[in-house]
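Enquirer: If you scroll down you'll find the structure; I have some questions about it.
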């Protein structure tokens, strides 16, 4: 009978793992590389999720509506709106929204992406099936409020009073929002018909920083699988963010 102690080959699970780890070619080495790559992706994704609190934590920008501060093809890191929020975020019924709008931020010199206030990613009209919009929160309105006088008249599409404005008086409380691009987005989203005032529950998160060009890969894949980018109204006018899982 052979003595097991004379067997120099791998024994048990530990020996099998050692064999896989040390393989230099062939099918086993190929599988090892695939598993390693997946493990790294999962690890990085887990770390990003832990920091951001939202999934996916990155979005690719589809339109120029936030230029020159956020450009088409940028990859933007997003966090849950209450994480790392500004000191003067709007409070509703004693609870913070986690969002500091332009008009409040201007008094405190609070800036993100080279302008005042937070840039939010939200579901237009709360519709989770629409492409999310990434625009800057400009100011807060209460339900039934005539917000004409607090608005910047340059962004009202020539309206002379509240009655000539869409969503005025405000159908409900929420944020008035707008893209930073003064040419492509010369009106508030609520005037242009992109969305009603943005309720806090519609907010996916706030944008924190951008990585130029990295979003182009994801957008290219979408164009190959789903046709030209930016063909829906939300994408054309909304600065839509495309999730990066």
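In this note's numbering, the protein residues as written are 118 to 362.
C-beta: ideal position from N, C-alpha, C; glycine also.
Treat the numbers as computed from the prediction; the structure is a model and nothing was measured.
Contact defined as beta carbons within less than 8 Å: I believe residue 320 pairs with residue 192. What is the distance between those atoms, to the nearest angstrom?
Expert: On the chain shown, residue 320 is found 203 positions in, with the first residue counted as 1. On the chain shown, residue 192 is found 75 positions in, with the first residue counted as 1. Actually they do not touch by this definition, with Cβ atoms about 20 Å apart.
Enquirer: Which residues does DSSP list as the beta-bridge partners of residue 192?
Expert: Position 75 of the chain shown holds residue 192. Answer is 177, 328.
Enquirer: Expressed to the nearest angstrom, what Euclidean distance is found between the alpha-carbon atoms of residue 265 and residue 292?
Expert: By one-based count along the chain shown, residue 265 stands at place 148. By one-based count along the chain shown, residue 292 stands at place 175. Distance between the alpha carbons of residue 265 and residue 292: 14 Å.
Enquirer: Classify residue 167 as helix, strand or coil using the three-state DSSP reduction.
Expert: Locating residue 167 in the chain shown gives position 50, where the first residue counts as 1. Residue 167: helix per DSSP, three-state reduction.
Enquirer: From what residue to what residue does the alpha helix (DSSP H) around residue 221 run?
Expert: Within the chain shown, residue 221 is the residue found at index 104, counting from 1. 219 to 225 is the span of the alpha helix (DSSP H), which, as asked, contains residue 221.
Enquirer: Applying the 10 Å Cβ sphere with the 16-neighbour rule, what's the burial state of residue 330?
Expert: Within the chain shown, residue 330 is the residue found at index 213, counting from 1. Its Cβ having fewer than 16 others within 10 Å, residue 330 is exposed.
Enquirer: Please name the residue in 332, 325, 273, 224 whose C-alpha comes closest to that of residue 307.
Expert: Sequence index remark: in the chain shown, residue 307 carries index 190 (1-based). The shortest Cα separation from residue 307 among 332, 325, 273, 224 belongs to 273.
Enquirer: Within 10 angstroms of its Cβ, does residue 260 collect 16 or more other Cβ (buried), or is it exposed?
Expert: As a working mapping, residue 260 is identified with position 143 in the chain shown. It counts as exposed.
Enquirer: Specify the secondary structure class of residue 236 as computed by DSSP and reduced to three states.
Expert: Position 119 of the chain shown holds residue 236. Strand.
Enquirer: Roughly how many angstroms separate the alpha carbons of residue 353 and residue 214, rounded to a whole number?
Expert: For the purposes of this step, residue 353 is identified with residue 236 of the chain shown, where counting begins at 1. For the purposes of this step, residue 214 is identified with residue 97 of the chain shown, where counting begins at 1. For residue 353, the predicted structure reports a pLDDT of 26, less than 50, and the residue's modelled location is therefore unreliable. A value from the coordinates is still provided. Roughly 28 Å between the two C-alpha positions.
Enquirer: Work out the CA separation of residue 175 and residue 332 for me, nearest whole Å.
Expert: Residue 332 sits at position 215 when you count from the first residue of the chain shown. Residue 175 sits at position 58 when you count from the first residue of the chain shown. Roughly 9 Å separates the two Cα atoms.
Enquirer: Taking the CB atoms as reference points, tell me whether residue 237 and residue 323 lie closer together than 8 Å.
Expert: Position 120 of the chain shown holds residue 237. Position 206 of the chain shown holds residue 323. Yes. Within cutoff.
Enquirer: Across the stretch 189 to 205 and the stretch 217 to 227, are there enough close Cβ pairs to call them in contact, namely three or more that are closer than 8 Å?
Expert: Yes, since at least three Cβ pairs between the stretch 189 to 205 and the stretch 217 to 227 fall closer than 8 Å, the two stretches touch.
Enquirer: I'd like the span of the alpha helix (DSSP H) that includes residue 308, first residue to last.
Expert: By one-based count along the chain shown, residue 308 stands at place 191. Residue 308 -> alpha helix (DSSP H) spans 306 to 309.
Enquirer: According to DSSP, simplified to helix, strand and coil, what is residue 319?
Expert: Taking the chain shown and counting its residues from 1, the one referred to as residue 319 is at position 202. Here residue 319 sits in helix by DSSP.
Enquirer: Within 10 angstroms of its Cβ, does residue 311 collect 16 or more other Cβ (buried), or is it exposed?
Expert: By one-based count along the chain shown, residue 311 stands at place 194. Its Cβ being crowded by 16 or more others within 10 Å, residue 311 is buried.
Enquirer: Assign residue 275 to one of two classes, buried (16 or more other C-beta atoms within 10 Å of its C-beta) or exposed (fewer than that).
Expert: Position 158 of the chain shown, counting from 1, holds the residue named residue 275. With fewer than 16 Cβ atoms within 10 Å of its Cβ, residue 275 is classed as exposed.
Enquirer: For residue 201 versus residue 326, is the C-beta spacing smaller than 8 Å?
Expert: Here residue 201 is taken as the residue at index 84 of the chain shown, counted from 1. Here residue 326 is taken as the residue at index 209 of the chain shown, counted from 1. Taking 8 Å as the Cβ cut-off, residue 201 and residue 326 do not qualify as a contacting pair.
Enquirer: What is the DSSP secondary structure of residue 187, reduced to helix, strand or coil?
Expert: Position 70 of the chain shown, counting from 1, holds the residue named residue 187. Three-state result, residue 187: coil.
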